[in-house]
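Okay, structure first, notes after.
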Amino acid sequence: MSTLIVEGLSVHYGGVRAARDVSFTVEPGQSLGIIGANGAGKTSTLKAVMGLAPRQARRIAFGEHDLLRAPAHTLVRHGIGYVPEGRHVFPGLSVEKNLLLGAYTGDWKRTPIGEVYDLFPVLGEMRHRLAGALSGGQQQMLAIGRALMCRPRVMLLDEPSMGLSPILVEEIVTGLKRLNADGLSILLVEQNAKLTFDVTSACLVMENGEIAATGTSAALRVDPQVRRIYLGL
Amino acid sequence: MQVFLQTLIGGVTFGAVYALVAMGFSIVYRTMGLVNFAHGNVVMIGAYAASNLYMFAKLPFPVAVAVAIAVTALIGLVIERVLRPLENKDFDLMLIGTIGFGTVLEAGAIRVFGATGHAVPSPVATAPLDVAGIKIPTYSLLVIAVAAAATVLLGLFLQRTKRGAAMQAVAMDHEAATAVGIHVGRSNAMAFAIGAGLAALAGGLIGPMLYVNPTMGGSLGIKGFAAAIFGGFGSMRGAIAGGMAFGLLDSFAAGHFQEYSELVTFLVFAAIVMVRPTGIFGETTVNRA
Amino acid sequence: MKRLILLIAAAVAAWLLPYGLGGYAIHVVDVAIIFAVLGIGLGLAMGVAGQINLAQIAFFGVGAYAVAILTTRAGLGFWTAAALALLAAVLVGLLVGLPALRMQSHYLGIVTLGLALAFVNWITNATVAGRAEGISDIPVPPLFGVDLASEYLFYYVELVVFALALAFALFLTHSPLGRRLRAMRDDDLAAGALGAEIPLLRMTAFVLSGLYGGIAGVLYAGLIRFVAPETFSIANMFLLLAMVIIGGRRSILGCVVGAVALSLVREALLDVSAYAQLGYGSVVVLVVVFAPTGLAGLPARLRRRRAAGARAALGSFQPYDRVHDREDGRTDGQARDRVGADAVADAGVGSGADLLEVDGVTMRFKGLTALDQVSLTITAGEIRGVVGPNGSGKTTLFNVVSGFYTPTSGRVLFRGREVTGAAPYRLSLLGVARTFQNLRLFGDLTVRENILVGLDRTRTRWVWRYLALPWSVLGFERVLRVRADELIDRFGLRDFADAAPRALPYGIQRRIEMARAMAMTPALLLLDEPAAGLNGEEVRQLAAIVRSIRDSGVTVVVIEHNMGLVMSLCDRVTVLSGGKVIADGAPADVAVQPDVVAAYLGDSMSAPSRTAAEPADEPAPESAAGAATESATESATDSAAEEAAR
C-alpha cells in the first residue's frame, strides 16, 4: 500500500500566493479532509498535488513514485483518482463514454464499470444519456465514478457537495464512506465542514493559504475556532 | 426545373468538398481552439500531391489520394508543433501565424510545381448518367460517395474508438482529460493530422473539378472556413450542413449572377453571419477567443 | 529636444532623398510610402484597436478604383475624384466594419477576408472597372503647374501626405481616443465597464482604416495612373499583414518601418518572388512565435531584461476628504465637468436615500438559475457586503447591476431610474464603477494609462474634435493627466506609474484596479473580492481605503470571502445561497443566523458562543444570538431569518 506525502507545498499564480508551506500525509485507507472558507487555498492545494497548478514543494510522493517529476497525465497510472471542482464531466459524451474515459489508461474490456453502476445505480439507468443533460448531483456521481474507473488507491475530491441539495450530499457521503470502508484512501477538499467531518477521520483547516488548525474530525466538530474562521466572528 | 436540379447536383458536389474542408477546420478548432488559416493551402498541397501522383507517377487515383493524405498529415503535424507555444495564449497571434504558414505553403507550391497549374483528367471516364433528362456526372457521384464515407468513418472514429473519445474529451475539458490520463498535446497533434488529412482528401477530390494551381487554396480555404462558420463552428453536423449550404449558395449564385457569384456568395455569407454569428447548429463557443 | 533634432534630421533626409536616387529607385520609394500609409491604417485597426481587419487591401482598392472610375468615366478632375474616393473608402470601411458589432477575432477575420474577395471579384468582372485589364488612362493630378508625372515631384506630394497621415495617427494613438481603442483591444469588457462605447469604437477603427486605405489608394492612382485587380489581391493583403506583423502591429512607427522594409525587400527579390514569399511567410511565423511585438517591440524587450531587479514599493494611501469638507472641492470638480464632458455623473446624492434597488431579479442560463428573485436595496453612503458560498450568484448579481447581463426578469433601479439591461458604458457614465474578481487591468497599457481610461468620461461622439479642434483634445488630455497624477499619488502608485501592470505583484494590481474604478468618480463602487490574494497587512490597508472612499461620499458594495474583513468593514451584509437572498442585516446578526451557518458550514448547529464573538466590533445583539440555539428546527430558522431581516 502507498502513502501520499506532501511536504512544504506552495502555490503561486503569477503574483498571487494561493497556498504556502502546506504539508500532510494520507495513509493507506485513511480519509483526510481539508476544510476552510472559499478562497482559503484548498482547491489550489489539490490542483498542485495533481500537477495542474504551478507549484513548489519539498516533496510530493505517492508510495515510491515521485509526483513532483511526473507529468499530470501520468498520475492516474500511479493509482491516483481525481474528482475536479465543479465536476468537469465531458458534457457532450454519454455517461458510459465518460466512465470509460476514466479507464483511458487501462483496457476497456476489463473495467470496474459494473461496480460503479452498483455504487450509483442512477448512472446505470442513464448510461446512454449525454453527461451534460444530467442533474448536478448525477454529474457529481459521474465524476466520482469516472475517477473510480482507473481502480485508484487514493482518491482526491474537490468540493463534491458544491451546488447540491442536502439529500444528494447525503447520498455522496454514503458513497464515499462505503469506498473508504472498502480500503480506498480519500483526500477530501470541502467547504461543507459537516460533510467532511462525517466522511473523514482527520482534518486540516486552511485559512489564507495556510494550515490554521489540524485535528481529528471529532475534535474539530466542536472546536469554536473552526466557526470563527468560517464566519469571521 | 431542369436547370434547378442540374444546379442542385453541382451544388451538392461542391458542397460535399466544402464539407470535408469545413470538417478539417472544425476538428482542429474543436480540440485546440485554433483557427487554421493555412487549411486552404493544405487543401491545395493535397490537390497537387494527389494529381501529380495520379498523372505523372501513374498511381491509381485512390492510392494517389491516400499518399497525399499522408503527406499533408505530416504538414499538419509540423504546423501544430511550431505553433504549440501560442496555444491557449493569444488567439489573434495564432491566427496570424497560420496565415504565415499558408503563405509559406503557397510559395513552396509555386517553387515546386510552378505558378501556372494544371488540369486533371477525371479518373472516372464513363459518360454522365441520365436520369429523367438531368445529367449526373459519375465523378460527382464518386465525390459525394467518398465524402459521405469519410464523414461516416470520422464519425465512427470519434464515437467508437478510445482515441476518438479521448480527442473529444480534450476538446470539452482539457484539464479533466489530463486528470484521466490523456496526453493533451498528443491528442491535439492527432487532431491536426486528421484535419490536414481531410484537407488532402478534399483537395484530391476537387482536383478533377477545378484547375489545380497554387492560389486555389485561398478561395477554397475561405469557402470551407465560411462553411464551417455557417453551420456552427466546431460542430461536425454543422460542418456538413454548412458545407452543403455553402455549395448550394455558391452554385445558385453562379447560375443567377454568373461572374459575380463570389461577390454575392460572400455578401450573403456576411449578412447571415451578422444575423446569426453562431451558425445553423449554433454552439456557444463564439466567445472562446 | 533630442526628439526635435531627430525629427528635423529625418525631415531633411527625407527631403534630400530623391537627389541620391535613380529613376527606378524613386519609383520603388514612392510605392513603399504608399504601403506605409496602408500599413498605418491596418496598424490602427488591428494593432491599436484589435480588430482583425483583412479587408484593408480592399479599402486601398476602393480609393484607387474610385479615382480611376470618376476621372476616366465621369470626367471629374483628379482632386474632386480624390475627395469622393476618400469618402467612398470611409463608407466601405464603415460597411465592412458592421460585422465587428456582432463578432470578433477569427469570425471577423474571415468575414472581412470574404468581403475583400467579393471586392476583387467585382473589379475583375465589372465593365465600369475595366475588368481584368483594369483602367489605364488616369490623368496626371494637376498641382499649380507642377508636373506630377515626374515621380520625383510626386514623391514630395506623397511625403507631405504621409507626414500628415503619420502625425495624425500618432496623435490619435496617444490621445484619449487611442487609449480607449487600446483598452478595448486588451479587454473589451473592462473597457465597456469604464465607459467606452465599444460598438462605436469598433466602427471608429474601421472608419480610420478605411480612410488610410483611401488615402493610399488615391496616391497609388496618382502615381501609377493605372489600376488592375492584381494589385488588390488577397496575396497582397497577406503581404501587408506581414509588413505590419514584422514591424510590430501595436506601434504605428513599427508598421511604417515594416511596410517600408518589406517593400524594399520585395523589390530586391522581384526576380525570385516565390523565394521572397517563402521568406516573409516564414518570418511571419517566426515573429509570431518568438517576437510577437515585432521589430518595434525589440528595444522594449531588451530594456525590460536589463531593468529587471529594481523593485519599487507601494506607497501609502492618502485618504479622501470626508464628504462634508468636500464643499470647497466642488469648484475643482465643476472645472473638470466643463472640460470633460456632458456626462460626468453628479456625485451628490443625499446620504440615506436609496441609491440602488434590485427588484425581483432572476437570471437563468440554459436552465441553470443563477439568481432567483433577488431583491435588495442599497442606501447611499453605506458599505454593503455580499457574501455566500461558491456559486451562490454573487458575481452574477454584479454582472446584472453593471450591465453585463440582462436579467431574465426583474428590474434594476439606479437613483430611481430604471437601468435594467443598460449597456455597461452607460452605467459607467451614470456613476456605477466596478472591479473584477480576476483583475481585468489593461495589460499592455501603463498604470497611468489604465487610470486615464477611467478618468476619460467623454462620449465617443466627442471624436469630431480630433479632426476639427485637435488642440482642445490636447488641452483635455493635459487636464486628465493632472488628475491622473493626483490619483496615482493618492493611491501610492507613484513608483510604478509607467510600468505595465501585468509585471507588478498582485496586491499592487488590486490597488491599481481600485484607483482605476475611483477615477470614474462613481456614486456606486462595486468591488468583487477585493481582498482575494492579499496578505494580512494588505487586507488592513484595503479596509482603510474602502472606508475612506465611503467617507468621501461613494456608496460601496463588496463581494468578499474574507469574513473577518466583511464583519469589520460592512454596515450591512446580504447573504446569498443558491441564487436566493437568505439573510440581510447587520454583520453580527447575520453571522449567527442558522441559515447562514448552514450555508457556510453545511449544518445548522449552534453559532459560536458569545465569547468567541468578542473580537468583532460590536457584540451580537441579545435577541439574534438567542434565536440561534442548537435546537432550532428548519422552520424556526426560517422565521428567525425573516425576523432578523426586517
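Chains as they are written, first to last, in this note's numbering: chain A, 1 to 233; chain B, 1001 to 1289; chain C, 2001 to 2646.
The beta-carbon is built from N, C-alpha and C at its ideal position, and this holds for glycine as well.
Exposure label - residue i; buried when at least 16 CB within 10 Å
{"i": "C/Pro-2608", "result": "Any reading at C/Pro-2608 must be qualified, since the residue scores a pLDDT of 44, below 50, and its modelled position is unreliable; no value is offered."}
{"i": "B/Val-1112", "result": "exposed"}
{"i": "B/Phe-1091", "result": "buried"}
{"i": "C/Thr-2611", "result": "Because the pLDDT of C/Thr-2611 is 37, which lies under 50, any placement of that residue in the model is unreliable, and the question is left without a value."}
{"i": "A/His-73", "result": "buried"}
{"i": "A/Asp-118", "result": "exposed"}
{"i": "C/Ile-2034", "result": "buried"}
{"i": "A/Ser-161", "result": "buried"}
{"i": "C/Gly-2149", "result": "According to the sequence displayed, residue 2149 of chain C carries Ala and not Gly. Result: exposed."}
{"i": "C/Phe-2414", "result": "buried"}
{"i": "C/Leu-2007", "result": "exposed"}
{"i": "B/Pro-1208", "result": "buried"}
{"i": "B/Phe-1056", "result": "exposed"}
{"i": "B/Phe-1266", "result": "buried"}
Residue of the options minimising C-alpha distance to residue i
{"i": "C/Ala-2519", "options": "C/Val-2120, C/Arg-2494, C/Asn-2450 and C/Phe-2059", "result": "C/Asn-2450"}
{"i": "C/Gly-2043", "options": "C/Pro-2530, C/Arg-2459, C/Arg-2182 and C/Ala-2228", "result": "C/Arg-2182"}
{"i": "A/Arg-178", "options": "A/Leu-130, A/Gly-136 and A/Phe-120", "result": "A/Phe-120"}
{"i": "A/Thr-138", "options": "A/Glu-190, A/Gln-30, A/Leu-168 and A/Gly-79", "result": "Here the sequence assigns Gln to residue 138 of chain A, which means Thr is not the residue at that position. Looking at the Cα atoms, A/Leu-168 is the closest of the given residues."}
{"i": "B/Gln-1159", "options": "A/Leu-75, A/Gly-92 and A/Ala-57", "result": "A/Gly-92"}
{"i": "C/Pro-2407", "options": "C/Leu-2371, C/Thr-2072 and C/Leu-2534", "result": "C/Leu-2371"}
{"i": "C/Gly-2217", "options": "C/Asp-2444, C/Ala-2433 and C/Ala-2082", "result": "C/Ala-2082"}
{"i": "A/Val-83", "options": "A/Thr-200, A/Glu-171, A/Val-116 and A/Val-189", "result": "A/Val-189"}
{"i": "B/Val-1082", "options": "C/Leu-2565, C/Val-2289 and C/Ile-2508", "result": "C/Val-2289"}
{"i": "C/Arg-2364", "options": "C/Val-2400, C/Leu-2356, C/Asp-2354 and C/Ala-2221", "result": "C/Val-2400"}
{"i": "B/Ala-1125", "options": "B/Gly-1203, B/Ala-1166, B/Ala-1016 and B/Leu-1141", "result": "B/Leu-1141"}
{"i": "C/Leu-2397", "options": "C/Glu-2382, C/Val-2287 and C/Thr-2420", "result": "C/Thr-2420"}
{"i": "A/Glu-85", "options": "A/Gly-79, A/Thr-216, A/Asp-198 and A/Met-50", "result": "A/Met-50"}
{"i": "B/Ala-1119", "options": "B/Phe-1225, B/Asn-1052, B/Ala-1066 and B/Met-1167", "result": "B/Asn-1052"}
Integer Cβ distance of residue i from residue j, believed to fall under 8 Å
{"i": "B/Phe-1246", "j": "B/Phe-1230", "result": "6 Å"}
{"i": "A/His-12", "j": "A/Pro-54", "result": "6 Å"}
{"i": "B/Ser-1026", "j": "B/Ala-1241", "result": "Between B/Ala-1241 and B/Ser-1026 the Cβ distance is about 11 Å, and since that is not below 8 Å, they are no contact."}
{"i": "C/Pro-2389", "j": "C/Ser-2577", "result": "6 Å"}
{"i": "C/Gly-2696", "j": "C/Phe-2238", "result": "Absent from the structure is residue 2696 of chain C, since the part of chain C shown begins at 2001 and ends at 2646."}
{"i": "C/Ser-2568", "j": "C/Tyr-2320", "result": "About 20 Å separates the two Cβ atoms, so there is no contact after all."}
{"i": "B/Gly-1108", "j": "C/Leu-2278", "result": "6 Å"}
{"i": "C/Ala-2129", "j": "C/Ile-2135", "result": "7 Å"}
{"i": "C/Leu-2571", "j": "C/Glu-2382", "result": "Note that residue 2571 of chain C is Asp in the sequence shown, not Leu. Right, their Cβ atoms sit about 5 Å apart."}
Listed by chain order, chain C residues near residue i by CB distance under 7 Å
{"i": "B/Gly-1218", "result": "Ile-2234"}
{"i": "B/Thr-1031", "result": "The contacting residues do not exist; B/Thr-1031 stays about 16 Å from chain C at best."}
Under 7 Å from the C-beta of residue i: neighbouring residues of chain A
{"i": "C/Gly-2553", "result": "Chain A residues near C/Gly-2553: none, gap ~27 Å exceeds 7 Å."}
{"i": "B/Glu-1087", "result": "Correct list: empty, because the minimum Cβ distance to chain A is about 16 Å."}
{"i": "C/Pro-2594", "result": "The contacting residues do not exist; C/Pro-2594 stays about 12 Å from chain A at best."}
Amino acids of chain B, ordered along the chain, whose beta-carbon sits closer than 8 Å to that of residue i
{"i": "A/Pro-166", "result": "Those do not exist, as A/Pro-166 stays about 26 Å from chain B at its closest Cβ, beyond 8 Å."}
{"i": "A/Ala-72", "result": "Thr-1178 and Ala-1179"}
Closer than 7 Å at the beta carbon, the chain B residues around residue i
{"i": "C/Arg-2202", "result": "Ordered by position in chain B, no residue passes the 7 Å Cβ test against C/Arg-2202, which lies about 13 Å from the chain."}
{"i": "C/Ile-2110", "result": "Ile-1222, Phe-1225, Ala-1226 and Ile-1229"}
{"i": "C/Gly-2114", "result": "Ile-1222, Ala-1226, Phe-1266, Phe-1269 and Ala-1270"}
Proximal residues of chain B, C-beta to C-beta of residue i below 9 Å
{"i": "C/Leu-2098", "result": "Ala-1270 and Met-1274"}
Proximal residues of chain A, C-beta to C-beta of residue i below 9 Å
{"i": "B/Asp-1173", "result": "Pro-84, His-88, Val-89, Phe-90 and Pro-91"}
Contacts that residue i makes with chain C (C-beta to C-beta distance below 8 Å)
{"i": "B/Ile-1096", "result": "Leu-2241, Ile-2245, Val-2284 and Val-2288"}
9 Å Cβ cut-off: residues of chain C touching residue i
{"i": "B/Gly-1100", "result": "Phe-2238, Leu-2241, Ala-2242, Ile-2245, Tyr-2280, Gly-2281, Ser-2282, Val-2283, Val-2284, Val-2285, Leu-2286, Val-2287 and Val-2288"}
Would you say the segment 2195–2207 of chain C touches the segment 2453–2468 of chain C, given that touching needs at least three Cβ pairs under 8 Å? Output reads yes: the segment 2453–2468 of chain C touches the segment 2195–2207 of chain C.
Would the segment 2170–2178 of chain C count as touching the segment 2421–2441 of chain C if we require 3 or more Cβ pairs under 8 Å? Note that the segment 2170–2178 of chain C does not touch the segment 2421–2441 of chain C; fewer than 3 beta-carbon pairs, one per stretch, sit closer than 8 Å.
Counting pairs of beta carbons, one from the segment 81–101 of chain A and one from the segment 127–135 of chain A, are three or more of them closer than 8 Å? With a cut-off of 8 Å, the segment 127–135 of chain A and the segment 81–101 of chain A count as touching, because enough Cβ pairs lie within range.
Could you check whether the segment 1259–1278 of chain B touches the segment 2098–2107 of chain C, counting it as contact only if at least three pairs of C-beta atoms, one from each stretch, sit closer than 8 Å? They touch, by the three-pair rule.
Under 8 Å, with one C-beta from each stretch per pair, do the segment 2042–2061 of chain C and the segment 2237–2256 of chain C reach the 3-pair mark? Contact annotation: the segment 2042–2061 of chain C touches the segment 2237–2256 of chain C, with at least three C-beta pairs closer than 8 Å.
If we count Cβ pairs, one from each stretch, closer than 8 Å, do we get three or more for the segment 1186–1205 of chain B versus the segment 1029–1047 of chain B? They touch, by the three-pair rule.
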